[in-house]
Amino acid sequence: MADVTFTVDGKKLMAPAGTLLIDACRKAGIEIPAFCYYPGLSLQAACRMCVVRQEKVPKLQTACTTTVAEGQVFVTESPEIAQARKATIQLLLGNHPLDCPVCDAGGECELQDMTFKYGAGESLYVEAKQHREEQQWSPAVYFDRPRCILCYRCVRMCGEGMDVYALGIQNRGVTSVIAPNGGDHLDCEQCGMCIDACPVGALTSGSYRYKTRPWEMNHVSTVCTHCGDGCKVTLGVKQSNDGTEIVRADNRDKSGINGDFLCAKGRFGFDFVESSERLTKPLVRNAAGKLEPTTWEHALRVAGTKLKEIRDNQSGKTGGGDAIGVIGSNRTTNEENYLLQKFARTVLGTNNIDHDRSTDYVSFVQALAGHEGKIATLRETASAPAILLIGGNPTEEHPLLAWNLRTNVRLNHARLYVVNHETIKLERQAKAAQGVPPNGYKDVTTLLDQQQSEFAKAVMAEDSLLIIFGQEFRGAQLKSLVAWGLNRGNVRFAYLGDHSNSRGAADMGLLPDLLPGYVPVGEAGAFAQEYSGLPVKAGKSQAQIFDAAREGKLGALLVVGANPAKRAGVDPANLNGAFVIVLDLFPTETTALADVVFPAASLYEKTGTVTNTFGDVQLVKKAADHAGTKPDFEILVRLAGSMGVDVKTLVPFGKGGAVGDFGQSRGAQAGEADRHAVWLTANGLEPKVSPFDPLAVLDEIERLVPAYKLDRLNLFAGNDVSTEPGFVPVSAIASAGSEMIAPAHDGLFTSGELGRHSAYLSELNQYESRELAETAAD
Amino acid sequence: MSPKESNTETMSIFSPQLSARFDVLVAKYPVKRSALIPMLLYAQDEIGYLSDAVIAEVAERIGITQLDVRNVATYYSMLRFKPAGKFNIQVCTNISCMLRGAYELYERFQDELHIGHKGVTSDGVFSLEEVECIGVCCWAPAIQVNYAFHDELTPNDVPKIISEYKSKANGSVKNA
Ligand code: SF4
Ligand code: SF4
Ligand code: SF4
Ligand code: FES
Ligand code: FES
Chain V
1 MADVTFTVDG KKLMAPAGTL LIDACRKAGI EIPAFCYYPG LSLQAACRMC VVRQEKVPKL
61 QTACTTTVAE GQVFVTESPE IAQARKATIQ LLLGNHPLDC PVCDAGGECE LQDMTFKYGA
121 GESLYVEAKQ HREEQQWSPA VYFDRPRCIL CYRCVRMCGE GMDVYALGIQ NRGVTSVIAP
181 NGGDHLDCEQ CGMCIDACPV GALTSGSYRY KTRPWEMNHV STVCTHCGDG CKVTLGVKQS
241 NDGTEIVRAD NRDKSGINGD FLCAKGRFGF DFVESSERLT KPLVRNAAGK LEPTTWEHAL
301 RVAGTKLKEI RDNQSGKTGG GDAIGVIGSN RTTNEENYLL QKFARTVLGT NNIDHDRSTD
361 YVSFVQALAG HEGKIATLRE TASAPAILLI GGNPTEEHPL LAWNLRTNVR LNHARLYVVN
421 HETIKLERQA KAAQGVPPNG YKDVTTLLDQ QQSEFAKAVM AEDSLLIIFG QEFRGAQLKS
481 LVAWGLNRGN VRFAYLGDHS NSRGAADMGL LPDLLPGYVP VGEAGAFAQE YSGLPVKAGK
541 SQAQIFDAAR EGKLGALLVV GANPAKRAGV DPANLNGAFV IVLDLFPTET TALADVVFPA
601 ASLYEKTGTV TNTFGDVQLV KKAADHAGTK PDFEILVRLA GSMGVDVKTL VPFGKGGAVG
661 DFGQSRGAQA GEADRHAVWL TANGLEPKVS PFDPLAVLDE IERLVPAYKL DRLNLFAGND
721 VSTEPGFVPV SAIASAGSEM IAPAHDGLFT SGELGRHSAY LSELNQYESR ELAETAAD
Chain A
1001 MSPKESNTET MSIFSPQLSA RFDVLVAKYP VKRSALIPML LYAQDEIGYL SDAVIAEVAE
1061 RIGITQLDVR NVATYYSMLR FKPAGKFNIQ VCTNISCMLR GAYELYERFQ DELHIGHKGV
1121 TSDGVFSLEE VECIGVCCWA PAIQVNYAFH DELTPNDVPK IISEYKSKAN GSVKNA
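Protein chains in written order, with this note's numbering: chain V, 1 to 778; chain A, 1001 to 1176.
Shown next, in the form of structure tokens:
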């Protein structure tokens, strides 16, 4: 809409006609207090905190519902307004217990801040306060009724935002009360969004309540480790006996890719790091055949010596690089994945490297190779005018994507088209939905082209399309869908995969036939010069590695953050004595087979980058510390060191590692280097002086992987930056392997091994399955 | 949980007449949920109160959540969630009635029936409620027994009114 000019507190402001006054003021740096207003949710005008004086209007107006028009004049602060706000606070405090010293929200409470500002220090009310006991509505949500100021944010958040409608408001006037859908309990998605939106401490979280005071925590923004969406999550951490403990997860500044949103896993599922089952000491199998705790030095020596021996033994049948297999992780950082494959290829001399493939990114990227600007970022799912969702179930498996789609439909009237073999919840937001048989996805493009159904006509009439598709698509079927879209034009794609860094695992070349950036090992290009001793033949896939073991041809197996023994059902006898080294957080079926086990740090305990399923790269920052563990990055570097490798060839750290000349060499400008160092530090770009600094490897990734031309300043500022698979070289080699894809399909409360070790997620999972069982029995 | 999952197979707990009336009501308004309040009132008249089953069926007929129904129903004091007596005696104590002795009247009812506000007699025949203005101020003090009015009362009229309804109740028991 056209811009209009109006005056606020004597300042001339401009905003599009129809903008809410409160928003226009906030943009101009004028803060208007508000309790019930919440950007993006429907207007409520329930609290009267935002009152302002508008010229020629007899009564005070609510800024949260007043839209701006040409020539209006407002006053937002005056003795009259302050008095009105003070009176409102007095009413709100009429029955409020003022238990701020023990309230979770104390120090982060909007009511506290407003009382501080408008100072209703005394009250005219002398009536006794009505006390109500706090109620537990679910393992995640608690309600303290007397603290509630009836702003309805939670009700709207749950209904409009989550499309769950689990909260309501009952009774009338002074007896009004927020009520859960189960009468005395909540049957819902347990996302905790209502707690987040609550401006006071009326809704509190089961995982955080009464644990600490907000000002006693440090807050570190990092990336959630639980699904392929990659929400930015702020971890509140405190010193504890064995390191730094995570006490809370939320999205404090709402600055991330996820805006307001976090799901139950991101918000409550961090407690796996504290699980008593965490591995905290290296283990080495002793003469009696038992795994025994030992020192890092000893474990590294045993593992390094053995790896070296097997690699260098060219005579026996289990010798040489080809007798070693490496299996990487879907949850480690890009730098760790890169380092792992570089270690495998240049130190161990093998291309036998793979990971649990849950999503066919290889086919996806190959289909897009050479086509720039065709991949959709996660942010675009919240703004694209038309979206075609084929397969997948975002509500369960990609909660943030589901939130974005709902928001987009609600606020921008986006048109969502759903094709699925099941009824999925997002159909409630869809403009049209089309069912297909479970094996019918291959016919979708034909269906659309024929334009016989209303559905197909509507989709085909769209100018632009964002096509989001699920793991139902692999291999040739995936490629034909992408080809169809490319051919149609004005289409962008997103491919839904599991795990926080599955995309990064594929992008960083944890594959037997492809180097980082999907460069075929046979046409290694720049890698050939940098990777001395790179084998040119494609290596063995995970399945082939275990076949080799069965045939007695596997000398050693290095597993990082994966559990192939469970996934592939490996029988120890079939390993035929292969030497097994495992890096992991927890004891697993695979560590049970190992000869050496290293206790690894989780994603919340390390630094690096991860790539979500949309190809957005984000910075992971170390938040917590768990005594005894080390990041996989450091373990790999030390392992290489124990094999006698010059680690500088692996991690280009320190002088000579950096490619640019930062001015240090110009003698006459001696001060420049110092000034430059100050600037680098200020921007989080300090020179990499340690072999354990993953950012040195990020430099190398950027240099060698064309898709990872990252906007560094944005990345280090904590923003998501996108990759460009269009830069992947179009290659003649068609990668096989689509048949090896096995999606994990983690739901709202499951997250593989991590989920199993999160007491909180297990509890929520149990709670909700009990709910389901009860409903079914009714 | 979601409004979409409706189960039309369930047997209605309402009489065929009321069911038919609901079918009409639901289709009558541009937005289905506009039918909610009349439906609740009719349902209460037939069943006696808004039982969980009533709330569930009304929610399903309109296609909203049960929580939604409760949100609305709890707002209105004339909708109740527990059974009332066969005869619900509502004594107005608003200003006109109060000035003309409503409290004495109300007390007399309490004494005679041995129940207080919102109480139900043990035989289930009577319930008592103190209510706001029922719109018969000119003949204050007034009471309403179910849908019947009694006005210009004094406490001495109370035993007569009670026995009158008691015999009606007995009669209906005999007839039943
Ligand atoms: S936890 Fe989430 S789904 Fe449950 S009531 Fe709160 S907002 Fe609604
Ligand atoms: S519980 Fe919190 S968010 Fe909900 S109405 Fe009360 S104060 Fe507002
Ligand atoms: S949507 Fe995914 S990334 Fe976001 S909080 Fe939930 S599990 Fe974590
Ligand atoms: S913010 Fe405007 S009335 Fe609450
Ligand atoms: S005051 Fe009693 S009927 Fe109006």
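Where a beta carbon is used, it is the ideal one built from N, C-alpha and C, also for glycine.
With 9 angstroms as the threshold, decide whether the Cβ of Y1103 of chain A is near any Cβ in chain V.
Residue-level contact check: Y1103 of chain A does not touch chain V, since none of the beta carbons of chain V fall below 9 angstroms from its beta carbon.
Where do the N-terminal and C-terminal ends of the alpha helix (DSSP H) with R379 of chain V fall, by residue?
No alpha helix (DSSP H) contains R379 of chain V, which DSSP labels as neither H nor E.
Find out if the Cβ-Cβ distance for the pair E233 of chain V, C227 of chain V is shorter than 9 angstroms.
Checking the sequence, you will find Val at residue 233 of chain V rather than Glu. The answer is no: Cβ separation not under 9 angstroms.
Does the beta-carbon of L186 of chain V, which I'm using as the reference point, lie nearer than 8 angstroms to any heavy atom of ligand 1?
Flag set: Cβ of L186 of chain V near ligand 1.
Measure the beta-carbon distance from I327 of chain V to V596 of chain V and round it to whole angstroms, keeping in mind my assumption that it falls under 8 angstroms.
That belief does not hold up - the Cβ atoms of I327 of chain V and V596 of chain V are roughly 15 angstroms apart, past 8 angstroms.
With a threshold of 9 angstroms between beta carbons, is R248 of chain V in contact with chain A?
Under the 9 angstroms criterion on CB atoms, R248 of chain V is classed as non-interfacial with respect to chain A.
Give a yes or no on whether the minimum CB-CB distance between A430 of chain V and chain A is below 9 angstroms.
Output row for A430 of chain V: interface = no.
For chain V, find out if any of its Cβ atoms is closer than 9 angstroms to the Cβ of R1100 of chain A; answer yes or no.
At a cut-off of 9 angstroms, the C-beta of R1100 of chain A has no neighbouring C-beta in chain V.
Integer-rounded CB distance, given that D163 of chain V should sit under 8 angstroms from R406 of chain V:
About 6 angstroms separates the two Cβ atoms, so the contact holds.
For the beta strand (DSSP E) containing Q72 of chain V, list its first residue and its last residue.
Counting along the chain, Q72 of chain V falls outside any beta strand (DSSP E), and DSSP gives it neither H nor E.
Within the 9 angstroms Cβ cut-off, does I545 of chain V reach chain A?
Chain A, which has no Cβ nearer than 9 angstroms to the Cβ of I545 of chain V, makes this no.
Check each residue of the segment 1067–1085 of chain A: if its Cβ is closer than 7 angstroms to any Cβ of chain V, include it; give the result in chain order.
Listed by position, the residues of the segment 1067–1085 of chain A near chain V (Cβ gap below 7 angstroms) are L1067, D1068, R1070, N1071, T1074 and Y1075.
Mind checking which residues open and close the alpha helix (DSSP H) that includes G641 of chain V?
Where G641 of chain V is concerned, the enclosing alpha helix (DSSP H) stretches over D632 to S642.
Below 8 angstroms, how does it come out for the segment 1079–1092 of chain A and the segment 173–187 of chain V: are there three or more Cβ pairs, yes or no?
No: fewer than three Cβ pairs fall under 8 angstroms.
M14 of chain V - partner residues in DSSP beta bridges:
In the DSSP output, where bridge partners are listed per residue, M14 of chain V has V:T5.
If we cut at 9 angstroms on Cβ distances, does A166 of chain V have a partner in chain A?
Yes, contact with chain A.
Go ahead and pull the three-state DSSP assignment for V59 of chain V.
Looking at the sequence provided, one finds Lys at residue 59 of chain V rather than Val. Looking at K59 of chain V - three-state DSSP - the assignment turns out to be coil, as it is neither helix nor strand.
Pick out whichever of A:S1019, A:S1012, A:F1087 and A:V1024 has its Cα sitting closest to the Cα of V1145 of chain A.
From the listed residues A:S1019, A:S1012, A:F1087 and A:V1024, the smallest Cα separation to V1145 of chain A is found for A:F1087.
Under the criterion of a Cβ to heavy atom distance below 8 angstroms, does Y152 of chain V qualify as lining ligand 2?
Yes, the Cβ of Y152 of chain V comes within 8 angstroms of a heavy atom of ligand 2.
In chain order, what residues of the same chain have a beta carbon less than 6 angstroms from the beta carbon of Q429 of chain V, not counting five sequence neighbours either side?
Answer for Q429 of chain V: R406, V409 and L416, listed in chain order.
With 9 angstroms set as the bound, which would you pick, yes or no: does the beta-carbon of P394 of chain V sit closer than that to a beta-carbon of chain A?
P394 of chain V does not count as touching chain A.
For C263 of chain V, does the three-state DSSP call read helix, strand or coil?
Coil at C263 of chain V, not helix or strand.
For L124 of chain V: DSSP bridge partner residues:
Answer is none; L124 of chain V lacks a bridge partner.
Leaving out the 5 sequence neighbours to the left and right, which residues in its chain are closer than 7 angstroms to L150 of chain V when beta-carbon positions are compared?
Excluding positions up to five away in sequence, the list reads A46 and S176.
Is the beta carbon of A788 of chain V within less than 8 angstroms of some heavy atom of ligand 1?
Residue 788 of chain V lies beyond the residue range present for chain V, which begins at 1 and ends at 778; the question has no answer from this structure.
Looking at G243 of chain V: is its Cβ nearer than 9 angstroms to the Cβ of A600 of chain V?
Against a cut-off of 9 angstroms, the Cβ pair of A600 of chain V and G243 of chain V comes out as no contact.
Residue-level contact to chain A via CB, N181 of chain V, 9 angstroms cutoff
Yes, because at least one Cβ of chain A sits closer than 9 angstroms to the Cβ of N181 of chain V.
Alpha carbon of V1069 of chain A to alpha carbon of A1169 of chain A, nearest angstrom:
About 32 angstroms.
CB contact below 9 angstroms: T1065 of chain A versus chain V:
Using beta-carbon distances, T1065 of chain A counts as an interface residue toward chain V, with a partner under 9 angstroms.
Unbroken beta strand (DSSP E) run spanning S221 of chain V, endpoints
Residues N218 to V223.
Measure the beta-carbon distance from G106 of chain V to R252 of chain V and round it to whole angstroms, keeping in mind my assumption that it falls under 8 angstroms.
Beta-carbon to beta-carbon, G106 of chain V and R252 of chain V are separated by about 16 angstroms, too far to satisfy the 8 angstroms threshold.
Contact with chain A by I257 of chain V, beta-carbon distance below 9 angstroms:
I257 of chain V is outside the set of residues whose beta carbon lies under 9 angstroms from a beta carbon in chain A.
Run of the beta strand (DSSP E) containing F35 of chain V, from where it starts to where it stops
That residue, F35 of chain V, is in no beta strand (DSSP E); it is neither H nor E in DSSP.
Shorter than 9 angstroms from the beta carbon of I169 of chain V to some beta carbon of chain D?
Within the model displayed, chain D is absent; protein chains V and A are what it includes.
Taking three-plus beta-carbon pairs below 8 angstroms as touching, is the segment 603–617 of chain V in contact with the segment 638–652 of chain V?
In this structure the segment 603–617 of chain V does not touch the segment 638–652 of chain V; the number of beta carbon pairs closer than 8 angstroms is below three.
Cβ of R153 of chain V less than 9 angstroms from any chain A Cβ?
Judged by the 9 angstroms Cβ criterion, R153 of chain V is not in contact with chain A.
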